[in-house]
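Residue numbers (the working numbering): 54 to 254.
Glycine is no exception: its CB is placed at the ideal position from the N, C-alpha and C atoms.
None of the values given here were measured: they were computed from a predicted structure.
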Amino acid sequence: MKYLLLILFLPINLLAQTSYTEDINAHREHYKQEFLEDERAPLKASDTADLRFYLPDPDWKIPAKFELTPDAEPFDISTYSGKTKKYRQYGLLHFERDGAKYTLGIYQSLRLIELDEYKDYLFLPFKDFTNGEETYGGGRYMDFKLGDISDDGMLMLDFNKCYNPWCAYSDGYNCPIPPVQNQLELEVLAGEKNFAGEKKH
């Protein structure tokens, strides 16, 4: 009986893995297309062939407990261009990986929340131990919307969807530097890797 259950389980598990891989690949194709639709973007169609990613890995899709921080004061986030941008911490995300506990801050841009199309936008910049080696040294980003927080206070962190700031491809952009509290003491082996092309200056 246990062998029959194993045989039945394997195809279902494989099917779920295949479906997840297809979803991530579709997400990445959309990500590449967005460069071509934005006049300000640092990459052209030929450059997108040099974008590199870790293989999709559902183990890096991690549920996080959301904690609202309504009393957080606005603060300036430095950017790699030397300018600053005004943000406020919207909340904290608590999650576990390999038995260890981690916390990340998630933020709102005080400029963007004034715009209708971005008023529910949440921003999560972070660094990890892959930076400067397999991934961009300046850290990587993840985007969310308020609706991504479930009624029971959970948010799914899918690190397979983390991406590089535009500063990874070209100088001249105001890319926020991840705050110290968002420097993870682990290797996030998921999402976008270092750009394989030549950085524009």
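So LEU121 is in the beta strand (DSSP E); what residue range does that whole segment cover?
What you label residue 121 is simply residue 68 of the sequence shown in a count that begins at 1. First-last of the beta strand (DSSP E) with LEU121: 114-121.
Starting from the C-beta of LEU199, find all residues in its chain whose C-beta is less than 7 angstroms away, skip the five residues before and the five after it, and write them out in chain order.
Taking the sequence shown and counting its residues from 1, the one referred to as residue 199 is at position 146. Only ASP173 and LEU175 meet the Cβ criterion.
Using CA coordinates, which residue listed in LEU157, LEU239 and ALA125 is at the minimum distance from ASN184?
Residue numbering aside, residue 184 sits at position 131 when the sequence shown is read from its first letter. If we check each option's Cα against that of ASN184, LEU239 comes out closest.
Could you name the residues of the same chain whose beta carbon sits closer than 6 angstroms to that of ASP224, not counting the 5 residues immediately before and after it, in chain order?
Stepping through the sequence shown from its first residue, residue 224 is reached at position 171. Only residues of its own chain outside the window of five on either side were considered, and among them HIS254 have a CB closer than 6 angstroms to the CB of ASP224, listed in chain order.
Identify whether ASN247 lies in helix, strand or coil by the three-state DSSP scheme.
Looking up residue 247 in the sequence shown gives position 194. Three-state result, ASN247: coil.
Under 9 angstroms between C-beta atoms of LEU177 and ILE202:
Here residue 177 refers to the residue found at position 124 of the sequence shown. Here residue 202 refers to the residue found at position 149 of the sequence shown. The Cβ atoms of LEU177 and ILE202 do not sit closer than 9 angstroms to each other.
Contact defined as beta carbons within less than 8 angstroms: I believe LYS246 pairs with THR188. What is the distance between those atoms, to the nearest angstrom?
For the purposes of this step, residue 246 is identified with residue 193 of the sequence shown, where counting begins at 1. For the purposes of this step, residue 188 is identified with residue 135 of the sequence shown, where counting begins at 1. Between LYS246 and THR188, the beta carbon gap of about 6 angstroms places them in contact (Cβ cut-off 8 angstroms).
Which one or two residues does DSSP pair with ARG31 in a beta bridge?
There is no way to answer for residue 31, as the model of the chain reaches only from 54 to 254.
Best match in GLU75, LEU104 and LYS136 for proximity to ASN217 [C-alpha to C-alpha]:
Your numbering for residue 217 matches position 164 in the sequence shown. If you compare the alpha carbons of GLU75, LEU104 and LYS136 with that of ASN217, the shortest gap goes to LEU104.
Roughly how many angstroms lie between the CA atoms of ALA221 and LEU146, to the nearest whole one?
For the purposes of this step, residue 221 is identified with residue 168 of the sequence shown, where counting begins at 1. For the purposes of this step, residue 146 is identified with residue 93 of the sequence shown, where counting begins at 1. So the alpha carbons of these two residues sit roughly 26 angstroms apart.
Taking the CB atoms as reference points, tell me whether TYR73 and PRO109 lie closer together than 9 angstroms.
One-based indexing of the sequence shown puts residue 73 at position 20. One-based indexing of the sequence shown puts residue 109 at position 56. The answer is yes: Cβ separation under 9 angstroms.
Cutting at 6 angstroms between CB atoms, please list the residues of its own chain near GLN161, excluding the five before and the five after it.
Taking the sequence shown and counting its residues from 1, the one referred to as residue 161 is at position 108. The residues ARG141 and TYR143, in chain order, have a CB closer than 6 angstroms to that of GLN161 in the same chain once the five nearest residues on each side in sequence are set aside.
With 16 other Cβ atoms within 10 Å as the buried cut-off, status of ALA249
Looking up residue 249 in the sequence shown gives position 196. Within a 10 Å sphere around the beta-carbon of ALA249 sit fewer than 16 other beta-carbons, which makes this residue exposed.
Assign THR71 to one of three DSSP states: helix, strand, or coil.
As a first step, residue 71 is located in the sequence shown; it is residue number 18 there, counting from the start. Helix, per DSSP.
Less than 9 angstroms between the beta carbons of ASP76 and PHE88, yes or no?
By 1-based counting over the sequence shown, the position of residue 76 is 23. By 1-based counting over the sequence shown, the position of residue 88 is 35. No; because the gap between Cβ atoms is not below 9 angstroms, this pair is not in contact.
For VAL233, count neighbouring Cβ atoms within 10 angstroms of its own Cβ and tell me buried if that reaches 16, exposed if not.
To locate residue 233, count along the sequence shown from 1; it is residue 180. Residue burial is scored here from C-beta neighbours: VAL233 has fewer than 16 other C-beta atoms within 10 angstroms and is therefore classed as exposed.
Hey, would you say PHE182 sits closer than 9 angstroms to ASN235, going by beta carbons?
As a working mapping, residue 182 is identified with position 129 in the sequence shown. As a working mapping, residue 235 is identified with position 182 in the sequence shown. No Cβ-Cβ contact shorter than 9 angstroms links PHE182 with ASN235.
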